[in-house]
Structures are given as C-alpha cells and as structure tokens.
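Student:
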Amino acid sequence: MPVDPTIDDPERITLLDQCARFNDELAADDGVLSGDAAAHVAQCLRCQAEIANYKRMRRVMRSLADHDDVVVSDLEHRILVALDVADGTSSTRVPAVTAATIGGVAAAAGVIALAIRHRRVVRLAG
C-alpha cells in the first residue's frame, strides 16, 4: 500500500487508495458503477465531486457537438494532440477539416477522371 508521508491518519490513506482504485471506473462514460465502487462513492465526497465534474464535462462536450464552427471542430484535434503529448506517444494527427478537404479534392479528381474516361469510351464507340 503506498504511503503518503504528508498524511498522518491511516484511515485517510486507505480512503485515498480506494479513490485511486475506482478512478477509472468513475471516469467511464456508462454511468454504471460496480458494487464496491458504488459503496465507496456513497461515502466519499471526493469521488462524488469527481463524478459531478465528469458529468459536467460530458454535458459541455455534448453542447459543443451541436456547434458547427471551425474552432469547435478543431477542438477534438487539439485535445487528441494534447493527450498524445501527455501520454508521451508521438503520432502525427491531421485535423478533421484538413482531412475533409483532402478527401473532397480526391473525390472531385476521381469524378473528373471517370467523366473523361467515359467521354473517350463514348467517342471511340461512336
């Protein structure tokens, strides 16, 4: 059991260990807790506040999804890049707006190529 030298109360240490043990479950998006986690949250104000913060964050993220602004669509890219930096993973991410633009240009080029080919086939047949 990890011991924090700044905490003198052994009960407090145990409670903090329990909080750390259930941290991933509290952050889960489903809102359903296991029996042990639910019992812990019922008595732990810190974890209740943590759940309230996660709910508030999900509500704000849902409200952002309703906006079609470029700044908001760039938000997901910035969050993912920040998470990559925090995790220490090095991945090159292409912003959604850039990927959509590249995809649109590629689709247009494909349509043009098909139209030109179709015209050549019709001319040769006629």
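With this note's numbering applied, the sequence shown corresponds to residues 112 to 237, in that order. We put the CB at the ideal spot given by N, CA and C, even for glycine.
Is it buried or exposed for His-229, if we count other Cβ within 10 angstroms and need 16 for buried?
Tutor: Position 118 of the sequence shown, counting from 1, holds the residue named residue 229. His-229 comes out exposed.
Student: Let's test the definition: count the other Cβ atoms within 10 Å of the Cβ of Leu-225 and tell me whether it reaches 16, buried, or not, exposed.
Tutor: Here the question's residue 225 lines up with position 114 in the sequence shown. Answer is exposed; the Cβ neighbour count stays below 16.
Student: Residues in its own chain within less than 8 Å of Ile-190 by CB, not counting five upstream and five downstream?
Tutor: Sequence index remark: in the sequence shown, residue 190 carries index 79 (1-based). If we look at Ile-190 and ignore the five residues flanking it on each side, it has no Cβ neighbours.
Student: Could you please give the first and the last residue of the uninterrupted alpha helix (DSSP H) stretch that includes Gly-146?
Tutor: The residue labelled residue 146 in the question sits at position 35 within the sequence shown. Bounds of the alpha helix (DSSP H) holding Gly-146 are 146-154.
Student: Just the Cα atoms here: how many angstroms apart are Ile-213 and Asp-128?
Tutor: Within the sequence shown, numbered from 1, the residue matching residue 213 stands at position 102. Within the sequence shown, numbered from 1, the residue matching residue 128 stands at position 17. Going by C-alpha positions, Ile-213 is about 48 Å away from Asp-128.
Student: Take His-188 as the anchor and find which of Ala-210, Val-143, His-151, Ala-148 has the nearest alpha-carbon.
Tutor: Against the sequence shown, residue 188 aligns to sequence position 77. Residue Ala-210 is the option with its Cα nearest to His-188.
Student: Let me confirm a value: Leu-137 is counted as buried when at least 16 other C-beta atoms fall within 10 Å, else exposed. Which label applies?
Tutor: Counting from 1 along the sequence shown, the entry for residue 137 is found at position 26. Buried: at least 16 other Cβ atoms inside 10 Å.
Student: Hey, Val-171 and Ile-162 are a contact pair by Cβ (cut 8 Å); roughly how many whole angstroms apart?
Tutor: The residue given as residue 171 occupies position 60 in the sequence shown. The residue given as residue 162 occupies position 51 in the sequence shown. About 15 Å separates the two Cβ atoms, so there is no contact after all.
Student: In chain order, what residues of the same chain have a beta carbon less than 7 Å from the beta carbon of Phe-133, not counting five sequence neighbours either side?
Tutor: The residue you call residue 133 lines up with position 22 of the sequence shown. If we look at Phe-133 and ignore the five residues flanking it on each side, its Cβ neighbours are Ala-148, His-151, Cys-158.
Student: Out of Pro-206, Ile-227, Cys-155, which one is the CA nearest neighbour of Ala-131?
Tutor: Translated into positions along the sequence shown, residue 131 becomes position 20. Checked all of Pro-206, Ile-227, Cys-155; the closest Cα to Ala-131 is Cys-155.
Student: Quick test of your reading: Pro-206 and Asp-185, contact by CB under 8 Å. State the CB separation rounded to the nearest angstrom.
Tutor: Against the sequence shown, residue 206 aligns to sequence position 95. Against the sequence shown, residue 185 aligns to sequence position 74. About 6 Å separates the two Cβ atoms, so the contact holds.
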